[in-house]
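Asker:
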Amino acid sequence: MELRHLRYFVAVAEEANFTRAAARLHLAQPGLSAQIRQFERELGQPLLDRGGRTVTLTEVGAAVLPHAKAALAAAQRIADTVDEFTGLLRGHVRVGLISGAATEEFDVAAVLADFHDDHPRVAISLTEDTSERMLAALGRGELDIALVGLTGADLDPGLGKQVVLDTAVVAAVAAGDREHGATIPLAALRDQPVICLPSGTGLRGVFERACAAAGFQPLVAFEAAAPPLLLRLAARGLGVAVVPALTAAEAAAHGVRTLRIVEPELRGQLALVWRTDHPVAPATKVLLGQLRIALGDRSGAGRQSRPEYSNNTGE
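The sequence shown finishes on residue 315 if you use UniProt numbering, and the numbering steps up by one all the way, no holes.
Structure below.
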């Protein structure tokens, strides 16, 4: 029995599909099928039922699966322990990042580059996606670390977090708008066209949760992935943009003025998130530590946005 057979079996069992499992393992599907058949012949029992549209576990396969996972985890812990004693880091760290967050304030690229210089045998992959999809990917074990926007909903108890930015959420209208004062109650947005970030982003989640608590569903007329475009649409009078806080200079540069949302006030947060419910590989542990130091902890600072965040990110 070889570890690769266990790894192949677990992948097919989790994906319930040979094609998806082969893509996950970077193997050709016929080769994967042949390896699984060889494993079954070695054990003398079928582990998978291939009769339907999806691959399911036989009774024997279901009994074997937890032991296969445990064996793979034990083998990984052995390798990690040896690496820690020798001071050698290797492996693969998968990082997720909300679109536009790699700014001067959140210079993730510099952290990754420094880490690569120190640990060239560690492969790093970087993915940009919405916060919602990255949190799901963390839960499935497809990402190791992610920088996401928080919606205010409770995170999976198996995830740890460190807030790296806390900012007010405001409404932006055209600079010449005289209909609104300096503040706007959330309920006043009930019947107004709203310009907002896409679904799945942290800021959109904060806004929609607050609207639901107030008893209405917002009328989202326009949505875009970056606050600068939202501000340009608001500047042309197409609606009220819901964006991170702006300085007076930023608002003037975009041709808008901002209104403080009240009753209730809204805040957006960016956070580093990682898994805490299983052992973390040494490479992931080191990179996470470097990211936490570089991005800082603003969970209790009540900190307002800086220009780079306001202009480039919003998830």
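Just so it is clear, CB atoms sit at the ideal spot from N, CA and C, and this is done for glycine as well.
Is the distance from the Cβ of Ala-225 to the Cβ of Leu-270 below 8 Å?
Answerer: If you number the sequence shown from 1, residue 225 lands on position 225. If you number the sequence shown from 1, residue 270 lands on position 270. No, the pair does not count as a contact, with Cβ atoms beyond the cut-off.
Asker: Give me whichever residues DSSP pairs with Cys-196 in a beta bridge.
Answerer: As a first step, residue 196 is located in the sequence shown; it is residue number 196 there, counting from the start. DSSP lists Glu-223 as partners of Cys-196.
Asker: Take Gln-192 and list the residues in its own chain whose beta-carbon comes closer than 6 Å to its own, dropping the five residues that flank it on each side.
Answerer: Taking the first residue of the sequence shown as 1, we reach residue 192 at position 192. Taken in chain order, the residues that qualify are Val-240.
Asker: Output the distance between the C-alpha atoms of Ala-137 and Thr-201, rounded to the nearest integer angstrom.
Answerer: Your numbering for residue 137 matches position 137 in the sequence shown. Your numbering for residue 201 matches position 201 in the sequence shown. Ala-137 and Thr-201: Cα-Cα distance of roughly 14 Å.
Asker: Would the region 206-218 count as touching the region 147-155 if we require 3 or more Cβ pairs under 8 Å?
Answerer: Output reads yes: the region 147-155 touches the region 206-218.
Asker: Going by the CB atoms, is the gap between Ala-172 and Ala-252 shorter than 8 Å?
Answerer: As a working mapping, residue 252 is identified with position 252 in the sequence shown. As a working mapping, residue 172 is identified with position 172 in the sequence shown. Contact: no.
Asker: Nearest by alpha-carbon distance to Arg-4: which of Gln-35, Leu-43, Gly-96 is it?
Answerer: Taking the sequence shown and counting its residues from 1, the one referred to as residue 4 is at position 4. Here the closest residue by C-alpha is Gln-35.
Asker: Assess contact between the region 278-298 and the region 164-171, defined as three or more Cβ pairs (one per stretch) separated by less than 8 Å. Is contact present?
Answerer: Because the criterion of three Cβ pairs below 8 Å is met, the region 278-298 and the region 164-171 touch.
Asker: Of the residues Gly-289, Tyr-8, His-278, Leu-25, which one's Cα is nearest the Cα of Arg-77?
Answerer: Looking up residue 77 in the sequence shown gives position 77. Nearest option by C-alpha distance: His-278.
Asker: Short of 6 Å in beta carbon distance, which residues of its chain neighbour Gly-176, apart from the five on each side in sequence? Order them along the chain.
Answerer: Counting from 1 along the sequence shown, the entry for residue 176 is found at position 176. Excluding positions up to five away in sequence, the list is empty.
Asker: Quick one: is Asp-49 buried, meaning 16 or more other Cβ sit within 10 Å of its Cβ, or exposed?
Answerer: By 1-based counting over the sequence shown, the position of residue 49 is 49. Its Cβ having fewer than 16 others within 10 Å, Asp-49 is exposed.
Asker: Excluding the five sequence neighbours on either side, which residues of its own chain have a C-beta within less than 6 Å of the C-beta of Leu-65, listed in chain order?
Answerer: For the purposes of this step, residue 65 is identified with residue 65 of the sequence shown, where counting begins at 1. Same-chain partners within the cutoff: Ala-13.
Asker: Consult DSSP for Gln-162 and reduce its assignment to one of helix, strand or coil.
Answerer: On the sequence shown, residue 162 is found 162 positions in, with the first residue counted as 1. The answer is strand: DSSP assigns Gln-162 an E or B state.
Asker: Where do the N-terminal and C-terminal ends of the alpha helix (DSSP H) with Pro-30 fall, by residue?
Answerer: Taking the sequence shown and counting its residues from 1, the one referred to as residue 30 is at position 30. First-last of the alpha helix (DSSP H) with Pro-30: 29-43.
Asker: Relative to the C-alpha of Leu-72, which residue among Leu-229, Tyr-8, Val-243, Ala-188 is closest?
Answerer: By one-based count along the sequence shown, residue 72 stands at place 72. If we check each option's Cα against that of Leu-72, Tyr-8 comes out closest.
Asker: Take Pro-157 as the anchor and find which of Thr-247, Arg-275, Ala-110 has the nearest alpha-carbon.
Answerer: Against the sequence shown, residue 157 aligns to sequence position 157. It is Arg-275.
Asker: Since Glu-250 is in the alpha helix (DSSP H), which residue starts that stretch and which ends it?
Answerer: By one-based count along the sequence shown, residue 250 stands at place 250. That run of the alpha helix (DSSP H) goes 248-254.
Asker: Pull up the distance between the alpha-carbon of Arg-24 and that of Gly-141, whole angstroms please.
Answerer: One-based indexing of the sequence shown puts residue 24 at position 24. One-based indexing of the sequence shown puts residue 141 at position 141. For Arg-24 and Gly-141, the distance between alpha carbons rounds to 12 Å.
Asker: Quick one: grab the DSSP three-state call for Pro-244.
Answerer: Locating residue 244 in the sequence shown gives position 244, counting from the first residue. Of the three classes helix, strand and coil, the one that applies to Pro-244 here is strand, per DSSP.
Asker: Determine the direct distance from the alpha carbon of Ala-146 to that of Asp-117, and round the result to whole angstroms.
Answerer: Here residue 117 refers to the residue found at position 117 when the sequence shown is read from its first residue. Here residue 146 refers to the residue found at position 146 when the sequence shown is read from its first residue. If I take the Cα positions, the gap works out to 21 Å.
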